[in-house]
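*Asks:*
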Amino acid sequence: IHQDAPSYVEQSTEAQILVTGIKVVDLLAPYARGGKIGLFGGAGVGKTVLIMELINNVAKAHGGYSVFAGVGERTREGNDLYHEMIESNVNKHGGGEGSKAALVYGQMNEPPGARAR
Numbered sequence: 002i003h004q005d006a007p008s009y010v011e012q013s014t015e016a017q018i019l020v021t022g023i024k025v026v027d028l029l030a031p032y033a034r035g036g037k038i039g040l041f042g043g044a045g046v047g048k049t050v051l052i053m054e055l056i057n058n059v060a061k062a063h064g065g066y067s068v069f070a071g072v073g074e075r076t077r078e079g080n081d082l083y084h085e086m087i088e089s090n091v092n093k094h095g096g097g098e099g100s101k102a103a104l105v106y107g108q109m110n111e112p113p114g115a116r117a118r
């Protein structure tokens, strides 16, 4: 975040596909490298498992970093994801050096109007 922007020579104008290492995603719904994605689905369909696998693959295969924005996440789900990332060595306990992902959560303990204050 605090680094200088890459020069124009270093930037690519071609659309590139991010190889996630998850075959069904890479084949049926490939992600654009440097882009944003959203996962929508009902409870218990595997959204957290897919996110964990994506973050793990990006951290280990590409040596990159991931930012997970949990908008409207429940505290329990966020805590579970945090501890799963520590167990899989994607993040270090307490974050900091050696961690490969940042987790950002929006609170869900109040109605939307109250949170907008």
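Taking our numbering, the leading residue of the sequence shown gets 2, the next gets one more, and so forth.
Don't be surprised by glycine CBs; every beta carbon is placed ideally from N, CA and C.
Computed from a predicted model, the values in this text were never measured in an experiment.
Can you find at least 3 beta carbon pairs, one from the segment 91-109 and one from the segment 53-71, that sit closer than 8 Å?
*Replies:* Because the criterion of three Cβ pairs below 8 Å is met, the segment 91-109 and the segment 53-71 touch.
*Asks:* Spell out the partners DSSP gives Ser67 in its beta bridges.
*Replies:* Ala102, per the DSSP bridge assignment.
*Asks:* With 16 as the cutoff for other CB atoms within 10 Å, does Val59 come out buried or exposed?
*Replies:* So Val59 ends up on the buried side.
*Asks:* When you compare each of His3, Leu82, Gln12, Ile18 to Glu54 by their alpha carbons, which one comes out closest?
*Replies:* It is Leu82 whose Cα lies nearest to the Cα of Glu54.
*Asks:* Would you kindly work out how many angstroms separate the C-alpha atoms of Glu11 and Thr21, rounded to a whole number?
*Replies:* Looking at the two C-alpha atoms, the distance is approximately 23 Å.
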